[in-house]
Every structure is written in structure tokens, then in C-alpha cells.
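Novice: Handing you a structure now.
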Amino acid sequence: MTITLWPVVDRTRVVHAFKPGEPAAVEGPFRTLRLHEWATAGVRVTRRSGKRLGGQMTIFSSLNVEAARLARRGIRDVAGRVARAAEELESGPEFMRLQTMLADMPAHDAESVVAGTLPDNAPTALADVVKELARRTEELRARESALATLVETIAGRIAEVHEGYVLLVLVSGPTAIVPRWMAVAAGRDKVGQLLALVMDKLDAASAVVEALPAIDINNLQAHDTFSPFGRRDPRVQRITAADERLLRGQPEPLRVLVPVRIDA
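Every letter in the sequence shown is one number past the one before it in this note's numbering, and letter 168, counting from 1, is 168.
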């Protein structure tokens, strides 16, 4: 299992990475990124509703987020290279296919995809293109060694959901407790879903922590397949109280069958 961040973002995420806490509607930060070529223009999606136009939205490669972080930290040459890698990805066939699919979707569903959630009735082709985008993003990210230490990222699968928190079983390492409101905001608050925590250091005493949707780039469609004998599956590493109640259940009355001979 290889879990990585959702590969598509909106402008809000890009601006937030450059100016944490800045309202996304403010034009200044994004204009600065574009002026210095630390961000792409994104890909414009014109949604259609029958023969009518159904509105527009702009989507970005998640590499723009990392380019914006690099720019904020003053690593500007690398920021420019990462932004060019994002542009390479956005002009590729995967983004073009995603653009076409989003254009034919209702506004709410299209926005959900960008936010990291596939609609229940999503075609397999949509899941495949998002998975391929995530894989290509990882390939381009690997070109820049500076990205390996830019932020600290932990990712895993949600094993338990409680009123105030969710329990995240990491791919490698111990479990982590994530406030449930953060998981809800990321669209990942159900058992079995993939979630990532990204810690972006601001200074020696503070950091921004984000809960973000994640994706398994090895096998997107297999995440619902579960076997209790799959010892490498994080879901078998912990038995919840609900599991215990289910396994304990109510014992069936003991029945002993005794053969009876009937003479004719």
C-alpha cells in the first residue's frame, strides 16, 4: 500500500500554503505567485448542463501547494521548478481527461471530486484517472529532493470513529488520534477511509497542521476488500469494542442430535 495526498486542489489550498490564514478570495497572494511563476494558472473547467453552461471552476495540481510553500520559505528557484512540474502535469492527458469528466458532472459532484471525495455513482474511469494523476504527481515530486523535508506527512487508514476523534492506523508506525472535526473537514471520517496529516512548520514554535484526503496509488479499487487473514492490512491490527461485541454475540442453544432407529 502506498498512500499519498489527493492530487487535485483548488486555489484556496495554494493561497493557504503561501500565506497561512489569508482569505482565499484575496487576490494579492495568488497574483504574487503567478507573477514570479511560483504557481500555474490552473485548468479551467466549464461545466455543462444539457446545452447550457453550468458555471466554471479552476483546478490545480497539488504540486502548486508545495511550490507555494517553497516560495514562502524563500527557496524560490526550487519553487519555480516545482511550479513548472505542476504545469507539465496540468497539460498532460490525465488532467485533460479529468477536465472532460468534471465538465459533465453536476456542480456539487465536481466540487466534491476536487475536495477529495468521489461520488457514490462515480464511474471507474474517474477513479482511475485520479489514481493515475496521484501516481504521476509522486513521480514528478521525486525529482526534487527538497520536497522530502518540506513538511512532515503521516498517512494511514481510519480504524475507529468516536464522538470526538478518529483513530488513524499508519502504514508504518503507531496509531494516531485525529480530532473528528478535522477528519470531517477532510471528508474522511468513516472506518476504512484514507487520511493524511500534514505538518507545515512556520517557525521554531508554531506549525500549521492539516488533515487532508489521501489515496492509495497501488490499488484504488481494493480499499473495500477486507480479509481477516490479511495481516498486512492495518484494519486487522486493532479490534474495537464494537468488533468484540459482534464476535461475542449471543450463543446459540446447544443442540445434540441423537439418531433414533425406527423399526418397520
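Note that the Cβ used here is the ideal one computed from N, Cα and C, for glycine as well.
1. Grouping DSSP H, G and I as helix and E and B as strand, with all else coil, what is Met105?
2. If we ignore side chains and look at the alpha-carbon of each, how far apart do Val114 and Gly249 end up?
3. Would you identify the three-state DSSP class for Leu220, choosing helix, strand or coil?
4. What residue from Ala205, His162, Arg157, Val161 has the CA that sits closest to Leu303's CA?
5. What does a CB cutoff of less than 8 Å around Asp224 pick up in its chain, not counting 5 residues either side in sequence?
6. Thinking just about the alpha-carbon of each residue, which of Ala86, Ser91, Leu126 is nearest to the one in Asp104?
7. Give every residue of the same chain whose Cβ lies closer than 8 Å to the Cβ of Ala222, excluding the five residues on either side of it in the sequence, and list them in chain order.
8. For Leu133 versus Glu87, is the C-beta distance shorter than 8 Å?
9. Using 8 Å as the threshold, is the segment 10-30 in touch with the segment 153-172, meaning 3 or more CB pairs across them?
10. Give me the residue from Met182, Ile3, Ala107 with the minimum Cα distance to Glu210.
11. Which whole-angstrom value describes the C-beta separation of Ala79 and Asn64, a residue pair presumed to lie in contact below a C-beta threshold of 8 Å?
12. Taking Met1 as the reference, give the member of Ala146, His162, Lys131 with the closest Cα.
13. Express the C-alpha separation of Thr137 and Leu220 in angstroms, rounding to a whole number.
14. Using the C-alpha atoms, what's the distance from Ala214 back to Thr4?
15. Relative to the C-alpha of Leu102, which residue among Met57, Ala142, Asp128 is closest?
16. Which residue comes first and which comes last in the alpha helix (DSSP H) that contains Pro259?
17. Which residue marks the beginning of the alpha helix (DSSP H) containing Arg141, and which one marks its end?
18. Can you grab the Cα-Cα spacing for the pair Thr117 / Gly187, in whole Å?
19. Taking the alpha helix (DSSP H) that Val14 belongs to, which residues open and close that run?
20. Specify the secondary structure class of Pro213 as computed by DSSP and reduced to three states.
21. Of the residues Arg44, Ser206, Trp38, which one's Cα is nearest the Cα of Ile18?
22. Exposed or buried, Ser61, counting other C-beta atoms within 10 Å across all chains shown (16 or more means buried)?
Specialist: Working from what's here:
1. When secondary structure is reduced to three states using DSSP, Met105 falls in the coil class, being assigned neither helix nor strand.
2. 42 Å
3. Caution applies to Leu220, whose pLDDT of 43 falls short of 50 and renders its modelled position unreliable; the model cannot decide the point.
4. Outside the displayed span of the chain (1 to 264) sits residue 303, for which this structure offers no information.
5. Low local confidence applies: a pLDDT of 48 at Asp224 is under 50, so the model's placement there is unreliable, and no value is given.
6. Leu126
7. Low per-residue confidence applies at Ala222: pLDDT is 44, beneath 50, and the placement is therefore not dependable enough to give any value.
8. Between Leu133 and Glu87, the C-beta gap is not smaller than 8 Å, which leaves the two residues out of contact.
9. no
10. Of the candidates Met182, Ile3, Ala107, the one whose C-alpha sits nearest the C-alpha of Glu210 is Met182.
11. Taking the Cβ atoms as the reference, Ala79 lies roughly 10 Å from Asn64, outside the contact range of under 8 Å.
12. Lys131
13. Low per-residue confidence applies at Leu220: pLDDT is 43, beneath 50, and the placement is therefore not dependable, though the value from the model is reported in the following sentence. Rounded to whole angstroms, the separation of the alpha carbons of Thr137 and Leu220 is 15 Å.
14. Roughly 5 Å separates the two Cα atoms.
15. Among Met57, Ala142, Asp128, the Cα nearest to that of Leu102 belongs to Met57.
16. No alpha helix (DSSP H) holds Pro259; DSSP gives it neither H nor E.
17. For Arg141, the enclosing alpha helix (DSSP H) stretches over residues 124-141.
18. 7 Å
19. 11-18
20. Three-state DSSP puts Pro213 in a strand.
21. Residue 18 is actually Phe in this sequence, not Ile. Comparing Cα positions, the closest option is Trp38.
22. buried
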